[in-house]
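Enquirer: Take a look at this one; I'll ask things after.
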Amino acid sequence: MENENDTPKNTGKFLTGIVIVLVLALGLYWYFKKEDKDVRVETTEEAVEVLSQTPQVDIETNPVKNVPDINPVDKTNPFKTTNPFE
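Throughout the sequence shown, residue numbering follows full-length UniProt numbering, covering 1 to 86 in sequence.
Following this line, the structure appears as structure tokens:
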């Protein structure tokens with residue numbers, strides 16, 4: 001008696017799935033390994049030069065710079081500029 005799950009069609013799908021997973025795993029490994037670059041120095045002068053460089057910070061350091069100027073006291077009287085009784 002032959003099992004229906006062991007057909008060549010199912011085996012081909014299984015092997016194709018394994019190949020795709022392996023290719024993706026190797027691609028991710030290669031991508032993340034390529035990203036790690038060590039700065040190797042040969043002399044102490046090069047080490048001092050590398051360590052004296054300051055890192056570039058692209059983040060805005062003042063969080064209050066873009067806050068809107070809203071004062072709730074200015075909005076307490078809606079008839080401040082016009083007199084509705086004139």
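By construction, the Cβ of each residue, glycine as well, lies at the ideal position given by its N, Cα and C atoms.
Quick one: what does DSSP say LYS65 is sitting in, helix, strand or coil?
Expert: Correct three-state label for LYS65: coil.
Enquirer: When DSSP labels each residue in this structure, what does PHE32 get in the three-state scheme?
Expert: If DSSP states are grouped into helix, strand and coil, PHE32 belongs with the helices.
Enquirer: For ILE18, name the three-state secondary structure that DSSP assigns.
Expert: Here ILE18 sits in helix by DSSP.
Enquirer: Would you tell me roughly how many angstroms separate the C-alpha atoms of VAL64 and ILE70, rounded to the nearest one?
Expert: Each residue's Cα considered, the two are about 13 angstroms apart.
Enquirer: Please report the distance separating the alpha-carbon of VAL67 from that of PHE32.
Expert: Going by the C-alpha atoms only, they are around 39 angstroms apart.
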